[in-house]
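J.: After the structure tokens below, expect a handful of questions from me.
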Amino acid sequence: MRIAVGSDHRGYTVKENLVQLLNRLGHEVIDCGTHDCESVDYPDIAAVVAKQVHDGEVERGILICGTGIGMCIAANKFPRVRAAPCHDDLSAEMSRRHNDLNVLCLSADMLGERLIDRMVEIWLRTEFEGGRHARRVEKIAKLEEEHPA
């Protein structure tokens, strides 16, 4: 799978570890920055990842900031991007199973490395169930069409 990964300065170390994990799992990783611990504005990084998901250049994206919330808000400004902050195994699984989440947002400050690794693995292997959930995701897409940014 082709996955775009990005973080702000607070998520830099987590991103670096995730890039290694994703490579070990056999995924193609597009590292969208940041590339050091110098302060950056998270919306700038979120936009790079979200645009790649929106344009179909990657299948999924992962964003990391202090809480995961800021990245989520910025990424969801792009049509066809479904981003959410996940904080445990269940939220990671259900975000895929029921919402077809294509951008996972993570907290660098509130989650440990082992939990993050496990969540990412669950999120990557969980398939979208479709069915009644597909109808709901289609309604979200319709809202995007009716209310463009």
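For the sequence shown, the residue numbers in the numbering used here are -17 to 131. In this text, a Cβ means the ideal position worked out from N, Cα and C, and glycines have one as well.
Can you give me the Cβ contacts of P61 inside the same chain, cut-off strictly under 7 Å, excluding the 5 residues immediately before and after it?
T.: Along the sequence shown, read from residue 1 onward, the residue named residue 61 stands at position 79. H36, E126, listed in sequence order.
J.: Would the beta-carbon of F110 fall within 7 Å of that of D82?
T.: If you number the sequence shown from 1, residue 110 lands on position 128. If you number the sequence shown from 1, residue 82 lands on position 100. For F110 and D82, yes; Cβs fall inside 7 Å.
J.: To the nearest angstrom, how far is the alpha carbon of H115 from that of T108?
T.: The residue you call residue 115 lines up with position 133 of the sequence shown. The residue you call residue 108 lines up with position 126 of the sequence shown. Going from the Cα of H115 to the Cα of T108 covers about 14 Å.
J.: Note the first and the last residue of the continuous alpha helix (DSSP H) segment covering P67.
T.: Here the question's residue 67 lines up with position 85 in the sequence shown. Not the alpha helix (DSSP H): P67 falls in the beta strand (DSSP E), residues 65 to 67.
J.: For the structure I just gave you, are there three or more beta carbon pairs, one from the region 46 to 63 and one from the region 12 to 20, closer than 8 Å?
T.: no
J.: Looking only at its own chain, which residues have a Cβ that is under 7 Å from the Cβ of R(-8), when we skip the five neighbours before and after it?
T.: Position 10 of the sequence shown, counted from the first residue, corresponds to residue -8. The answer, listed in chain order, is C47, G48, A90, D91.
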